[in-house]
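What follows is one structure encoded as C-alpha cells, with my remarks underneath.
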Amino acid sequence: MSLPPFTGDARFRLAVLIVGIIPAFALTLMLVGRYKAQRIQFAREWTERGERDLARSPRLAVADFETALAYGPDDASRRLRLAEALIAAGSPHEARAHLLTLWAQEPGDGPLNLDLARLAAAEGDVAEATRYYHAAIDGAWETRGTSARRAARLELARLLLQKNQPVRAQAELIALIDDLPPDPGLITEVGRMLVEAGAESRAIPLFERTLALAPKNALAAQLEGEVQYRARRYQAAHRLLTQAARNGAALSDDDERMRVASARIPELDPLAERLTARERMNRALDGLAIGRLRLARCRPGAADSPESLQVAALAQQADAFGKLSRRALARDPDQITALIGLTAQIEALPDSLCGPDGADDHALQQIAADHQLPTR
Amino acid sequence: MNRRPYRLTEEHIFLVLAVVIGIYSGLAVACFRISIEWLRLRALGSSLVPAFPRIVIVPAVAGLVIGGLVVRVFPGARGSGVNQTKAALYIYDGYVSFRTVVGKFLTSALAIGSGQSLGPEDPSLQIGAGLASALGRRMRLSRARLRYIAPVGAAAGLAAAFNAPITAVLFVIEEVIGRWTAGVLGAVVLAAVSSVVTEQWFLGDQPLFRVPPYHLEHASELLAYAAMGLIGGGVSILFLKLIATLRPRLRGLAPWTWYVQPAIAGLVIGVIGLRFPQVMGAGYDYIDQAMHDQFGWRLLAALCLIKLLSTTASFVTGTPGGLFAPTLFMGAMLGGAVCGLERLIAPQATGPIGAYALVGMGTMFAGILRAPMTSVFMIVEASGNYTIILPVMISNTVAYLVSRQFQPVAMFDLLSRQDGTDLPSMEEEREVTLHSVEDAMRSAEGALLRAEESVDTGIARAAQVSTDYFLVPLEDGVWGGVSRADLTRLQKDGQGASALGSAAVPIARPYLYQDQSIGVALSVLRDRPFVPVVHRANPRRLMGMVAADDVLRIYRSPSTDSNAGSGI
C-alpha cells in the first residue's frame with residue numbers, strides 16, 4: 000500500500016517534537032546531575048562510616064559498605080573494601096563472590112588477585128592460590144608495585160613450604176634473590192626459607208650479604224653457622240655460631256652443641272687428611288676415651304636385655320683396646336681403624352640408654368657421619 | 057537531470073517518530089527512576105535497612121495517598137500496565153490518556169519508593185506506551201498506525217527500564233503484539249534502541265546485574281538447574297493462584313475499601329520489613345547481594361516466599377507497580393537457595409551462586425510471566441554472559457511447562473479476564489495448531505492424467521475413481537485441469553481421440569506447497585475449483601490437490617474448535 004505524502008503541517012509538528020527534546024534533555028540533565036551528586040555523597044558517607052566501623056566491628060562495616068555499594072555499585076575499590084570487611088568479619092566465602100566479580104572486570108589487578116590467592120590458600124586450594132599469587136605478582140599495582148609483588152611471591156613461597164612443596168617454593172625464592180632490596184631482615188628471611196626449602200647452598204650468599212650489610216645480625220650468623228656446620232665447614236660454623244652468640248642470639252641446645260662440636264671436630268677427627276700416623280693414633284685414643292666415658296654413663300637395665308649385652312660387649316672391646324700399648328697400636332694401622340670404628344659404635348648408642356650427648360660425643364657422632372663409619 | 061522531490065510518507069514519519077518516542081521514553085524513565093530513589097530517600101532514609109518506626113509507618117501512609125489517587129484521580133494507573141498497553145492496541149486504537157501516564161509515574165514512584173513490593177519496569181512500559189500514544193495523536197497518525205504506536209512506546213519504556221533493548225523488543229513482540237509484524241518491528245527496534253541510548257547517556261551503560269564469572273562446574277549441575285525449574289514452576293503456580301484468588305475478591309469488596317487496601321498492604325509489608333527489609337521496594341540491591349553469596353540458603357528460600365507474599369499483598373490491592381522486579385527477586389533468591397542446597401549435597405559439582413541466582417531469575421520469569429523467549433534472552437542480555445544460556449534454557453523450559461500444566465491461564469491473560477476485557481492471549485495463540493495445506497489436501501492418486509493420452513483413455517481411467525477433477529502436466533511445469541464433465545462433453549463432441557494436453561485448461565500460477573497455511577490456500581484458491589499442490593524443488597511433481605471444500609473441512613473439524621481458548 001502506498002502511503003500518502005505528509006503535509007507541511009505534519010513536518011512542522013514533527014519538527015516541534017524534535018525541538019522539544021532539547022528542553023526535556025536539559026531538565027533531565029539537571030535532575031540526573033543532582034541525583035548522581037546525591038548518590039556519590041551517600042556512597043562516600045557510607046564508605047567513610049565503613050572505614051570507621053571496620054576497626055571496631057567488621058560486621059557493622061560490612062553493612063556500611065553494602066549500603067555504600069548500593070549507591071555506587073560500579074566503584075571497584077568500594078567492592079574490594081566490602082570484600083575485605085567480609086574477610087575481617089569471618090565471611091571469606093561471601094567475600095570471594097565480590098572479589099570474583101571484580102576479577103571478571105579486572106583480571107590483572109594485583110591487590111585483587113592477592114586477596115583471592117589468600118582466600119584460596121585459607122581454603123587449602125594450593126593450585127588456585129598459586130594461580131592467583133602468580134597473577135598478583137604479574138598484575139598491576141597502583142603504588143609500590145615492586146615491594147607488593149615481592150611480598151606476594153614471599154607469601155606464595157611460605158604457603159608452598161607450609162604445604163610441603165619445597166621444590167616449587169625454591170623456584171619462587173630463587174626468582175626473588177636478584178630482586179631483593181638491601182633489607183637485612185628480608186634477605187635473612189629469604190635465606191631462612193631457602194634453607195627450609197632445601198637450597199642451603201643458595202642461602203649462604205644471602206646470609207653473607209646480610210652480614211655485610213649488618214655485621215651484628217645475630218640471626219643471619221646463626222643460620223649461616225648451622226648451614227656451614229651441615230656443610231662440614233666446621234671452622235666457619237664455629238666462627239659464625241660464636242659470633243651469633245656474641246651478638247645476642249639465643250642459641251638453642253642444638254646450636255650450642257654445634258658451636259662447641261664445630262670447634263672439637265677438627266681436633267678429634269682421626270680420619271682428617273694430612274695427619275701423621277702418630278697424630279691419627281692419638282686422636283683415635285682420645286676418641287675412645289670419650290667413648291668409654293659415655294659407656295660409663297650407660298644404664299642398660301636388666302642384665303640379660305639386648306641393650307645390656309650390647310653395652311657389655313662394647314665395654315669389653317674398649318677395655319681390650321685400652322690394654323694395648325701405644326707402640327703396639329702404632330705398629331698396626333688396622334687396630335687404629337678398628338678402634339675408630341668401635342668409638343663410632345659407642346657414640347651411636349641411643350641417648351635413652353646412655354643419657355644426653357656432650358659436645359665431644361656430638362663431635363664424634365658428626366665425625367662418624369662425615370666418614371660414613373659403620374655404627375653396628 | 058530532473059530529480060524527483062523526496063516525499064515524506066507516513067511510513068517515514070512513523071519510523072522517525074519511533075526514534076523520537078524512544079528518546080522521550082528514555083528521558084521519562086530516567087526521571088521515573090530518579091523519582092523513586094528521591095522518594096525512597098525522603099521517606100525511608102539512605103540506609104538499606106530503614107529504621108523503626110519509619111519502616112512501618114511510611115508504606116502505610118503512602119498507601120493511603122496512593123489509594124486516594126488511584127480511586128479518585130488516576131484510575132488508569134492501577135496494576136502493572138502491560139494489559140493496559142495491550143488494551144490500547146486491541147481495544148482503544150492506540151489510545152492511552154496522558155493523565156494515565158502522569159498518574160502511573162506519580163503513584164508507582166510513590167509506591168515503590170515507600171517500600172511496596174513492586175518494580176518499576178511495567179510502569180515504565182506503560183509510561184512509554186502513553187507517551188507514544190500522546191505523540192502519535194499529536195502527529196495525527198492514521199488509525200492503523202496509531203494502533204501500533206503504544207507497543208512501540210512500550211518497548212522503549214521497558215528497554216530503558218531494563219537497560220536491555222533485545223529483552224524489551226522480544227517482550228513486546230511476544231506478549232503485547234503477539235506476532236512478528238514487519239511493519240512494526242522496525243519501529244519497535246528503533247524506539248527501544250534510542251531509549252536505551254538516551255537512558256545510558258544519563259545513567260550509564262552498566263548491565264542491570266553484576267554477575268561473578270560463570271562456568272559449568274560439572275555436567276551434573278544441569279540436573280540441579282532442571283530441579284530449579286521444577287521448584288520455580290511450583291512457586292510460580294503458587295503466586296499465580298494467589299493472584300487469581302485474592303485479586304477478584306479484594307476488588308469485589310465495598311468500593312470504600314479500595315482507598316485503604318494499598319495502605320493495609322503497606323502496613324503488612326512494613327511489619328515484614330522489620331525482620332526482612334530485603335523484600336521492600338524493587339530489591340535490586342539485594343539481588344546483587346544474593347548473587348554475591350551474602351545470604352545462607354535458608355534465608356534465601358525464606359526471602360523467596362516472603363517476597364511472594366508481600367508482592368501478592370501489594371499487587372492484589374491495586375497498588376500501581378510492576379511484577380518484573382519482584383519476579384526477578386524471587387528467582388534470584390530461589391536460585392541462590394538451590395545453589396546452597398546443592399553445595400550441601402555435592403560441593404565439588406556446584407558452580408558459583410551468581411549463576412544460580414541469574415538462572416533462577418529467568419526461571420521465575422518464565423514460570424510467572426510466561427514469556428519463554430524473553431526470559432532466556434533477558435538473562436543473557438542483563439548479565440552480558442552468553443555461556444549461561446544452556447542452564448537458563450533448561451530451567452526456564454521446565455518452569456514454563458510446569459506452570460502451564462497446572463495454571464493454564466498466563467498472568468496477563470488472567471488479569472485481563474479478571475478486569476473484564478477480552479484481550480487476545482498470546483500464549484493461547486502460540487498454542488493454536490496452525491493447519492497447513494498438507495492437512496487439507498486430497499491425494500492426487502487417480503486424478504493424474506497424462507497429456508499425451510486421449511480423451512477416451514482419460515474417461516476410461518476416470519471411471520475407476522470417484523474424483524471429479526483431473527490434473528494434466530503441461531509444458532514448463534504448468535498444470536492443466538479438466539473435469540469429468542468436460543471429458544464427457546469432449547467425447548460427445550467427437551473429440552475422443554484428441555490429446556488430453558490440448559483439452560486441459562492451464563491452471564494459472566501460483567500453486568500451493570504442502571507446508572503453506574490453509575489461510576494461504578484460501579487466498580490462492582479464490583474462485584478456482586481446485587489448485588494443485590506441488591513439490592517445492594520440482595514443480596512437475598504433484599503432491600496432491602486442494603479444493604475450497606477441503607479447507608472448510610479442516611475448519612469444521614472438532615480439533616480446530618478445541619484451539620479456541622480456555623477458561624481461567
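Note that the protein sequences, when read in sequence, are chains A and B. Mapping of the first sequence onto our numbering: position 84 corresponds to residue 83, and the numbering continues sequentially without gaps. Mapping of the second sequence onto our numbering: position 344 corresponds to residue 400, and the numbering continues sequentially without gaps. From the three backbone atoms N, C-alpha and C, an ideal C-beta is built for every residue, glycine too.
Could you work out which residue in the options is closest to residue i when comparing CA atoms only?
| i | options | result |
| --- | --- | --- |
| B/S276 | B/R399, B/T223, B/A516 | B/R399 |
| A/G286 | A/T275, A/G247, A/A337 | A/A337 |
| B/I424 | B/M284, B/P109, B/F265, B/L294 | B/L294 |
| B/G135 | B/Y342, B/L471, B/P529 | B/L471 |
| B/A216 | B/A118, B/R155, B/W257, B/R199 | B/W257 |
| B/G600 | B/L527, B/A555, B/L384 | B/L527 |
| A/R245 | A/P214, A/D268, A/P265 | A/P214 |
| A/R263 | A/G300, A/Q334, A/D360, A/E188 | A/D360 |
| B/G132 | B/P109, B/R354, B/R196, B/T375 | B/T375 |
| B/I554 | B/T513, B/V158, B/A188 | Looking at the sequence shown, residue 554 of chain B is not Ile but Ser. Measuring from the Cα of B/S554, the nearest candidate turns out to be B/T513. |
| B/T523 | B/P529, B/V534, B/A405, B/R540 | B/R540 |
| B/G186 | B/Y340, B/V561, B/Y151 | B/Y151 |
Straight-line CA distance for residue i to residue j?
| i | j | result |
| --- | --- | --- |
| B/V76 | B/R565 | 44 Å |
| A/D74 | B/D261 | 14 Å |
| B/V252 | B/A84 | 12 Å |
| B/Q350 | B/S81 | 35 Å |
| A/G247 | A/Y228 | 20 Å |
| B/T419 | B/G285 | 6 Å |
| B/K630 | B/L504 | A question about residue 630 of chain B goes unanswered here, because the residues of chain B that appear run from 57 up to 624. |
| B/V126 | B/Q334 | 26 Å |
| B/P529 | B/S510 | 14 Å |
| A/V61 | A/A84 | 6 Å |
| A/L313 | A/I339 | 13 Å |
| B/T368 | A/A54 | 42 Å |
What residues of chain A sit near residue i, judged by a beta carbon separation below 7 Å?
| i | result |
| --- | --- |
| B/A86 | T27, V31 |
| B/E93 | Y34 |
Output needed for residue i: all residues of its chain with C-beta closer than 8 Å, excluding positions within five of it in sequence on either side, in chain order.
| i | result |
| --- | --- |
| B/I610 | H491, D495, A496, I574, T616 |
| A/V15 | none |
| B/T544 | I515 |
| B/V112 | L323, G326, V327, G329, L330 |
| B/Y567 | W535, V580, V587, P588, V589, V590, P595 |
| B/S198 | E66 |
Could you name the residues of the same chain whose beta carbon sits closer than 7 Å to that of residue i, not counting the 5 residues immediately before and after it, in chain order?
| i | result |
| --- | --- |
| A/E127 | A119 |
| B/S603 | Note that residue 603 of chain B corresponds to Ala in the displayed sequence, not to Ser. Taken in chain order, the residues that qualify are P585, F586. |
| B/I624 | Because the pLDDT of B/I624 is 34, which lies under 50, any placement of that residue in the model is unreliable, and the number read from its coordinates should be weighed accordingly. Excluding positions up to five away in sequence, the list reads A300, V465, L470, R473. |
| A/V259 | A358 |
| B/G123 | W314, Y315, V316, Q317, P318, A319 |
| B/S618 | With a pLDDT of 45 at B/S618, under the threshold of 50, the modelled position of this residue cannot be trusted; read the value that follows with caution. Once the five neighbours on either side are set aside, B/S618 has no close Cβ partner at all. |
Cutting at 6 Å between CB atoms, please list the residues of its own chain near residue i, excluding the five before and the five after it.
| i | result |
| --- | --- |
| B/C360 | M386, M389, L390 |
| B/I233 | P207 |
| B/F421 | T383, S431 |
| B/S91 | A165 |
Just to make sure I have the definition right: I need the residues of chain A whose C-beta is within less than 9 Å of the C-beta of residue i. Which are they?
| i | result |
| --- | --- |
| B/F161 | By Cβ distance, chain A contributes nothing, its closest Cβ being about 13 Å from B/F161, past 9 Å. |
| B/L83 | I20, A23, F24, L26, T27 |
| B/Y80 | L16, G19, I20, A23 |
Along chain B, which residues have their Cβ under 9 Å away from the Cβ of residue i?
| i | result |
| --- | --- |
| A/D73 | G260, Q262, R266 |
| A/T66 | S102, S103, L104, V105, D341 |
In chain A, which residues lie with their C-beta within 8 Å of the C-beta of residue i?
| i | result |
| --- | --- |
| B/V76 | L13, L16, I17, I20 |
Against residue i, what residues of chain B qualify as contacts under a CB-to-CB distance less than 7 Å, listed in chain order?
| i | result |
| --- | --- |
| A/A69 | L104, D341 |
| A/A135 | What A/A135 touches in chain B: nothing, since even the nearest Cβ is about 17 Å away. |
Residues from the region 406-423 of chain B in contact with chain A, defined by Cβ distance under 9 Å: P408, I409, G410
The region 237-258 of chain B: positions lying closer than 8 Å to chain A by Cβ: F258
Cβ-based contacts, 8 Å cut-off: residues of the region 173-200 of chain B near chain A: L191, R194, M195, R196
Proximal residues, the region 188-203 of chain A versus chain B, C-beta separation under 7 Å: none
Near-chain B residues of the region 95-122 of chain A (beta-carbon distance less than 8 Å), N- to C-terminal order: R95, A96, H97, L99, T100, W102, A103
Chain A contacts made by the region 340-351 of chain B, where a contact means CB separation under 8 Å: D341, D344, Q345, M347, H348, D349, Q350
Interface residues of the region 94-114 of chain B facing chain A [CB-CB below 9 Å]: W94, L97, S102, S103, L104, V105
Near-chain B residues of the region 342-353 of chain A (beta-carbon distance less than 8 Å), N- to C-terminal order: none
Chain-ordered residues of the region 40-56 of chain A with a beta carbon less than 8 Å from chain B: F41, E44, W45
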